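Numbering (full-length UniProt numbering), first residue to last: 1 to 437.
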Ligand SMILES: Cc1cc2nc3c(=O)[nH]c(=O)nc-3n(C[C@H](O)[C@H](O)[C@H](O)COP(=O)(O)OP(=O)(O)OC[C@H]3O[C@@H](n4cnc5c(N)ncnc54)[C@H](O)[C@@H]3O)c2cc1C
């Protein structure tokens, strides 16, 4: 069956001809690396990826000692859709000579650093990533997409896949302060601690009760900080639900069911299922509680004070101290002060760099966001011939697997099947005991 791919257009008149790609991906995180890895055997020209970072990196400030992947390594870039693909995690281990050492280390969950190394290896094997190339705007002109950086157009493409990931979400009361000495983003904590003049007995506050917040508290504890306050909005520092029944939400069968639900039900379910994705790993919680307990045995007091059920509503800095005011779930306010505050307050989608002209050609929802179909394509005027896809941006539309690594390869397979107009990848999910519909 013929594909939708057109012939590479002739170079533009005048100036340097721009490279033209059948499929271009913006961002080279796990989402687009997975797509490129599965695309190798399906698209003659492969997929060209444009990445703003100067070289391979995956959440570089959040790979500290002891941090682990919350997803099985079997759910790598390719295996769930194409287990014979050479870019599997297993092939990474074998071809880099690490397999026996890895097996003997007997991990239940692999170190995050190992996953970052795997991604860098896959990127090197693919050889399709153009690093140091932030794309500031995607436009549609002359029957193709034009990708531009700060210095002008860098390439054109028939189809574009956005895999831009997320960036830290800074609560409004901290906006403008996140660059100051008193307020540190979680991903900068490691480098901050290397330069900071504060002493371990000084007070530090970590805001954010999820996995990243817990890791920051542990990090501070292990570095000898002895007066740490941990603030979270939920009524308790909730563990991630990694039970078999919770993992039913991370199956292709459930995704299909979820996508067919009315919007209101999807919104409610996405909120109710949050702890299957955004809670703290049980192992991290146990490590933290045990370290806190042991410190109290040795030193007579617990270095970490847990403060759940509190929302920070005001923040001010004076004379080297940061003061926070929190609203408590059960009413009333309280004040906390520290030498510095670490923000681990979640992440939000990176904005899509769409030209105003392109945005006008798209169907948008009430919030002005492009409408994303079940094959992850954006509904727009010329989608019959020129496709736009978006990964990791549709938690309510496509379920909680979308912002996670669990079904990375499945999502890539769905996108490639759609691009190719054929079932290049069979997505089989049988033996489902839970009945959804
Ligand atoms: C510390 C951490 C640990 C996580 N661990 C897990 C886990 O164990 N299991 C799980 O399921 N999920 C996990 N997640 C959630 C999620 O799976 C990851 O964030 C994952 O990296 C998302 O992949 P992505 O490719 O969509 O986005 P990203 O990994 O964020 O990649 C996006 C890429 O796009 C680039 N980019 C952005 N804008 C531009 C632009 N304009 N031009 C060019 N390039 C651009 C960025 O530099 C980045 O490299 C974790 C998240 C964090 C923050």
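Backbone N, C-alpha and C define an ideal beta-carbon position, used for all residues, glycine too. Every value quoted in this text rests on a predicted model; they were computed, and no experiment measured them.
Query	Result
Residue 425 beta carbon near ligand 1 (any heavy atom closer than 7 Å)	no
Residue nearest to residue 349 in terms of C-alpha spacing, selected from 170, 33, 92	170
Inter-residue Cα distance where the pair is residue 372 and residue 378	5 Å
7 Å CB neighbourhood of residue 73 in its chain, flanking five on each side removed	89, 110
Buried versus exposed, by CB contacts within 10 Å (16 or more), residue 82	buried
C-alpha distance - residue 216 paired with residue 317, whole-angstrom precision	21 Å
is_contact[residue 66, chain D] using C-beta, thresh 8 Å	As a matter of chain content, chain D is missing from the structure shown, which is built from one protein chain.
Any non-hydrogen atom of ligand 1 closer than 7 Å to residue 353 Cβ	yes
Reference residue 376, options 368, 256, 343, closest by Cα	256
Rounded straight-line distance, which links the Cα of residue 361 to that of residue 67	43 Å
Proximal residues to residue 354 (C-beta, below 7 Å), its chain only, five neighbours per side dropped	138
Euclidean distance between Cα positions of residue 45 and residue 177	46 Å
CB contact flag (residue 34, residue 94, <8 Å)	no
Distance, residue 47 Cα to residue 431 Cα	34 Å
Candidates 436, 55, 16: closest to residue 251 by CA position	436
Any non-hydrogen atom of ligand 1 within 7 Å of residue 95 CB	no
Heavy atom of ligand 1 within 7 Å of residue 70 beta-carbon	yes
Residue 421 classed as buried or exposed, judged by whether at least 16 other C-beta atoms fall within 10 angstroms	exposed
Straight-line Cα distance separating residue 56 from residue 205	32 Å
Proximal residues to residue 129 (C-beta, below 6 Å), its chain only, five neighbours per side dropped	28, 49, 51, 123
Beta strand (DSSP E) segment containing residue 321, residue limits	321-328
Reference residue 209; option with closest CA among 307, 323, 146, 120	307
DSSP beta-bridge partners of residue 230	206, 306
Entirely enclosed beta strand (DSSP E) segments - the stretch 207-275, minimum 3 residues	228-231
Residue 63 and residue 112 closer than 8 Å at C-beta	yes
Host alpha helix (DSSP H) of residue 409 (start-end)	408-420
Cβ-Cβ separation, residue 85 to residue 37 (assumed contact under 8 Å), whole Å	6 Å
CB of residue 213 within 8 Å of CB of residue 340, strictly	no
Close-in-space but distant-in-sequence residues of the same chain around residue 59 (CB under 6 Å, 5 per side omitted)	none
Rounded separation between residue 91 and residue 336 - CA only	50 Å
Cα-Cα separation, residue 325 to residue 309	13 Å
Ligand 1 heavy atom lying under 7 Å from the CB of residue 270	no
Straight-line gap, residue 332 to residue 173 (C-alpha atoms, nearest Å)	18 Å
Check: residue 121 C-beta below 7 Å from any heavy atom of ligand 1	no
Per-residue DSSP class, three states only, for residue 362	strand
CA nearest to the CA of residue 241, picked from 320, 149, 272	272
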